[in-house]
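Remarks on the structure that follows.
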Amino acid sequence: MAELPPSGIRKFFDVVATMSGVVSLGVGEPDFKTPAHIRKAAIDLLEEGNTRYTANLGMPALRERIAHYLDRRFQIKYDAADQIMCTIGASEAIDVAFRTILEPGDEVLVIEPCYVSYKPSILLQHGIPVVVTTKVENDFKLMPEELEKAITGKTKAVLLPYPNNPTGAIMEKEDLKKIAPIIKKHDLLVISDEIYGELTYGGKNHVSIASIEGMYERTIVLNGFSKAFAMTGWRLGYAAGPKELIRQMNKIHAYVVMSAPAISQQAAIEALREDALCDEDILAMREAYDERRKYLVGELNRLGLPCFEPRGAFYVFPSIAKTGLGSEEFCEKLLFEGGVAVVPGSAFGACGEGFIRISYAYSMEELGVCIQKIEAFLKEKKLIS
Numbered sequence: 106m107a108e109l110p111p112s113g114i115r116k117f118f119d120v121v122a123t124m125s126g127v128v129s130l131g132v133g134e135p136d137f138k139t140p141a142h143i144r145k146a147a148i149d150l151l152e153e154g155n156t157r158y159t160a161n162l163g164m165p166a167l168r169e170r171i172a173h174y175l176d177r178r179f180q181i182k183y184d185a186a187d188q189i190m191c192t193i194g195a196s197e198a199i200d201v202a203f204r205t206i207l208e209p210g211d212e213v214l215v216i217e218p219c220y221v222s223y224k225p226s227i228l229l230q231h232g233i234p235v236v237v238t239t240k241v242e243n244d245f246k247l248m249p250e251e252l253e254k255a256i257t258g259k260t261k262a263v264l265l266p267y268p269n270n271p272t273g274a275i276m277e278k279e280d281l282k283k284i285a286p287i288i289k290k291h292d293l294l295v296i297s298d299e300i301y302g303e304l305t306y307g308g309k310n311h312v313s314i315a316s317i318e319g320m321y322e323r324t325i326v327l328n329g330f331s332k333a334f335a336m337t338g339w340r341l342g343y344a345a346g347p348k349e350l351i352r353q354m355n356k357i358h359a360y361v362v363m364s365a366p367a368i369s370q371q372a373a374i375e376a377l378r379e380d381a382l383c384d385e386d387i388l389a390m391r392e393a394y395d396e397r398r399k400y401l402v403g404e405l406n407r408l409g410l411p412c413f414e415p416r417g418a419f420y421v422f423p424s425i426a427k428t429g430l431g432s433e434e435f436c437e438k439l440l441f442e443g444g445v446a447v448v449p450g451s452a453f454g455a456c457g458e459g460f461i462r463i464s465y466a467y468s469m470e471e472l473g474v475c476i477q478k479i480e481a482f483l484k485e486k487k488l489i490s
């Protein structure tokens, strides 16, 4: 624990918290309120006083709705009784999955740039994270040859982080079909973090690797309600996968957590109701994110910060290489001298150096102000012509 580094994101924003007048584009949290009908379901449960423990795996009614949702949206079928487990956010699901599958010395392939918690979660189980670098020229996709090259006799699993935080990259069906034979050949497990699965753009719908032939029986799908339903503070996620793995994962969950909060589960039941209201909530937020995405990409390119066009999540990952500054130096100067907080790309792995992550989970008005501030900063420092 003493050797484990602090989060590259939290470390930076601890400084931001001490400052005033800073406009932040750093946090990956929806700026929308949780939809009213979802909040009301939780209020009703509180008023009834029905706030007891639930089954360890989660309320049966919620697991049924999750199973129906995964089948309807991503064409993957799970038995609600023993293949779905509700967790304290997708973060607990990541932790419990690694606790279940890893022996000391097992290697897990981590596709970078990626979410900052992955490698620490592996290290905490005495596993070994092995980085597989993705490149902007390949749209930050996992390439089959890079996957093959990284596999050794100690490799246990691949952590697949698509749609991706921080790049916004996605893996389409044909991309997944190219890596599936390699995963099968080496008999690997897949931990597929699909928390941004509802947030894809440009007519590109998310495809789960569990839906690819031969992958279902070796994949644990992780998802939750934080991003698509604007329910970050409710702390509710889930894992879906082979019943043998879910049964073992549930042992850890039961001993450490007992069960996810009843109030959050009741709200999630409402979020996944059978009529179109759930889909309308998601669509409205996705359309707003898409507008912001297009605006930011266009503006950053105009400012001379080449920006890969993200197809998922709610982040852009522009290159700041032309400025001659490293990622941390650029972000520190932008913060202290420009009044804008963004995240150094290096926080998401060494291959993120030369990039910054900007979240567009903010209003168009806030994004416009930040672009003005970034432009003024770049011009004042003569970092752009």
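Position in the sequence shown (first residue = 1) + 105 = this note's numbering. Cβ coordinates follow ideal geometry from the N, Cα and C atoms, glycine included.
C-alpha gap between residue i and residue j, whole angstroms
i	j	result
residue 259	residue 233	9 Å
residue 281	residue 425	30 Å
residue 292	residue 264	14 Å
residue 196	residue 174	20 Å
residue 108	residue 312	37 Å
residue 178	residue 310	9 Å
residue 468	residue 254	42 Å
residue 421	residue 465	8 Å
residue 168	residue 230	28 Å
residue 423	residue 283	27 Å
residue 481	residue 242	29 Å
residue 262	residue 300	19 Å
residue 296	residue 208	16 Å
residue 403	residue 114	25 Å
residue 337	residue 330	7 Å
residue 352	residue 316	21 Å
residue 474	residue 159	45 Å
residue 87	residue 342	The structure shown has nothing for residue 87, since the chain only spans 106 to 490.
residue 369	residue 143	9 Å
residue 163	residue 340	13 Å
residue 170	residue 483	49 Å
residue 401	residue 137	19 Å
residue 367	residue 225	29 Å
residue 186	residue 294	22 Å
residue 227	residue 454	15 Å
Range of the contiguous alpha helix (DSSP H) that encloses residue i
i	result
residue 168	165-179
residue 372	367-376
residue 202	194-206
residue 263	Note, residue 263: premise wrong, no alpha helix (DSSP H); beta strand (DSSP E) at 260-265.
residue 223	223-228
residue 469	469-485
residue 493	The chain is shown only over 106 to 490; residue 493 falls outside these bounds and no answer can be derived.
residue 151	141-153
residue 358	348-361
Element boundaries [beta strand (DSSP E), containing residue i]
i	result
residue 215	212-217
residue 234	233-238
residue 326	324-329
residue 464	461-464
residue 296	294-298
residue 344	342-345
Own chain partners of residue i with C-beta closer than 7 Å, once the 5 adjacent residues on each side are dropped
i	result
residue 383	376, 377
residue 257	212
residue 354	190, 201, 202, 205, 344
residue 333	303, 304, 387
residue 371	146, 147, 150
residue 134	337, 466
residue 287	249, 252, 253
residue 397	465, 469, 472
Which of helix, strand or coil DSSP assigns to residue i
i	result
residue 275	coil
residue 122	coil
residue 383	helix
residue 249	helix
residue 257	coil
residue 190	strand
residue 449	strand
residue 133	coil
residue 305	strand
residue 420	strand
residue 127	coil
residue 504	Since the first residue of the chain shown is 106 and the last is 490, residue 504 is not available in this structure.
residue 287	helix
residue 395	helix
Residues of its chain near residue i, where Cβ-Cβ distance is below 8 Å and the 5 sequence neighbours each way are ignored
i	result
residue 121	127, 129, 131, 440, 446
residue 222	112, 196, 199
Close beta carbons around residue i, own chain, < 6 Å, minus the five adjacent residues each side
i	result
residue 460	422, 424, 450
residue 140	386
residue 180	316
residue 405	412, 423
Subject >> Three or more C-beta pairs below 8 Å linking the segment 211-223 and the segment 235-250 >> reply: Counting Cβ pairs under 8 Å, three or more are found: they touch.
**OP:** Examine the Cβ distances between the segment 147-158 and the segment 400-419 and report whether three or more of them are shorter than 8 Å.
**Re:** No contact exists between the segment 147-158 and the segment 400-419.
**OP:** Taking 8 Å as the threshold, find out whether the segment 184-192 comes into contact with the segment 354-374 through three or more Cβ pairs.
**Re:** A contact exists between the segment 184-192 and the segment 354-374.
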